[in-house]
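The structure under discussion appears below in the form of structure tokens.
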Amino acid sequence: MACDIKNLLNENVSFLLRTDFPTIDKNQTLTQAFKLMEKYRIDRVVVTENKIPIGIMTKKDVLNKLMVERTRLVSASRLHVSSFYTPNLYHVDERSTVADAGREMKEKKISSVAVMKDDALVGIVIRMDYSKLLSSCEEISSKSFASSLKKVVRFGERITSLREIFLKEDVVYLPVVDPNNYLAGYITVNNIADALLFYQKDTKESLRKVARKEIVVEEVMSRPPLFVYSSDPISKASKLIIEHQSRGVSVIEKDLLIGIIDDNDILRNII
């Protein structure tokens, strides 16, 4: 099938719709929410109150609030979704196009939108899934979609420092290199949020602050590295992102790490 981004953008939003996704009541615990995310291989849950959708909670939302003093002193079993979710569920109508949903995400600087039929939630569209529009694009190079490196993470760096970068720089994916400067893997918001919640559950309150400051990137990063060469077609990057449900891939040129392609880059280039 030929690369036909323009026509795919004009498809009904159902083309990228996820109808099988987790929902959770706002009074449920954070631990229960993370179990649902793991089950569905997704980094967010739609939050409900009396079974009515009222917002969304992503792992980035959790990362933003989990290390503040108020939550640091509370055991994981007592942390509730209501303290972490983002209210006001952004949405598009079921008659919208793929492009409409993408523009909504781009304008609002969000990574997913709900799709509604009248007042009923029928599904969600996630920014990562726009990679699917590129799966047949053999004539477009990966380099043309790549963005410059905001940071290269090195072994020994603490995830508490990386947390600040992810939150302040609006980063979703960073490559990790080993002591010999070889690409060793990558780290995302999800890796850090998972690790911090794990320590919240399994570490005594008096030790949590110290324990979390000691977590280094190689303990929680994803392996093996996901990468494409700059001359590879963008379809290769697209397929890696879809297969691994990753927020991005690294880009290599002449054995050097020159950039990344994340879901922000994909949406920016096609919308």
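Okay, so the sequence shown: first residue is 1 according to full-length UniProt numbering, each after it adds one. Cβ coordinates follow ideal geometry from the N, Cα and C atoms, glycine included.
For Ser-83, which option in Ile-192, Thr-29 and Arg-44 has the closest C-alpha, if you only look at C-alpha atoms? Thr-29
Suppose only complete runs of 4+ residues qualify. What are the alpha helix (DSSP H) ranges in the UniProt domain "CBS" (85-142), listed by chain order? 98-108
Ends of the alpha helix (DSSP H) at Arg-163? 159-168
Element boundaries [alpha helix (DSSP H), containing Thr-58]: First-last for Thr-58: 52-58, but that is the beta strand (DSSP E), not the alpha helix (DSSP H).
When burial is assigned at 16 or more other CB atoms within 10 Å of the CB, is Gly-156 buried or exposed? exposed
Report yes if the C-beta distance between Tyr-85 and Met-57 is below 8 angstroms; otherwise report no. yes
Per-residue DSSP class, three states only, for residue 274: Nothing about residue 274 can be read from this structure; the chain reaches only from 1 to 271.
Helix or strand or just coil, what does DSSP make of Arg-247? coil
Assumed close pair Leu-257, Leu-183 - CB separation to whole angstroms, cut-off 8 angstroms: 6 angstroms
Thinking C-beta only, is Ile-234 closer than 8 angstroms to Val-142? Note that residue 142 is Ser in the sequence shown, not Val. Yes, the pair counts as a contact, with Cβ atoms nearer than the cut-off.
Specify the secondary structure class of Arg-7 as computed by DSSP and reduced to three states. The amino acid occupying residue 7 in the given sequence is Asn; Arg does not appear at that position. Note: Asn-7 maps to helix in three-state DSSP.
Taking buried to mean at least 16 other C-beta atoms within 10 Å of its own C-beta, is Pro-175 buried or exposed? buried
Take Arg-246 as the anchor and find which of Ser-14, Ser-131, Asn-180 and Val-45 has the nearest alpha-carbon. Checking the sequence, you will find Ser at residue 246 rather than Arg. For the residues Ser-14, Ser-131, Asn-180 and Val-45, the minimum Cα distance to Ser-246 belongs to Ser-131.
Using a threshold of 8 angstroms, state whether the C-beta atoms of Thr-48 and Thr-23 are closer than that. yes
By Cβ distance below 8 angstroms, which residues in the same chain neighbour Leu-197 in space, the five residues on each side in sequence not counted? Leu-30, Thr-31, Phe-34, Val-62, Leu-66 and Ala-76
Evaluate the contact criterion for the stretch 85-95 versus the stretch 108-125: three or more CB pairs, one atom per stretch, below 8 angstroms. yes
Completely contained beta strand (DSSP E) runs for the stretch 217-270, where each covers 3 or more residues: 227-229, 248-253 and 256-262
Taking all protein chains shown into account, decide if Ile-260 is buried (16 or more other Cβ within 10 angstroms of its Cβ) or exposed. buried
Comparing alpha-carbon positions, which option in Val-74, His-80, Ile-124 and Ala-195 lies nearest Tyr-90? Ile-124
Our contact map puts Leu-121 next to Pro-225 with C-beta atoms below 8 angstroms; I'd like the distance itself, whole angstroms only. Wrong, their Cβ atoms sit about 37 angstroms apart, outside the cutoff.
Which two residues bound the contiguous alpha helix (DSSP H) that contains Thr-31? 30-40
Helix, strand or coil at Asp-20 [DSSP, three-state]: coil
Would a C-beta distance cut-off of 8 angstroms place Asp-43 and Lys-59 closer than the cut-off? yes
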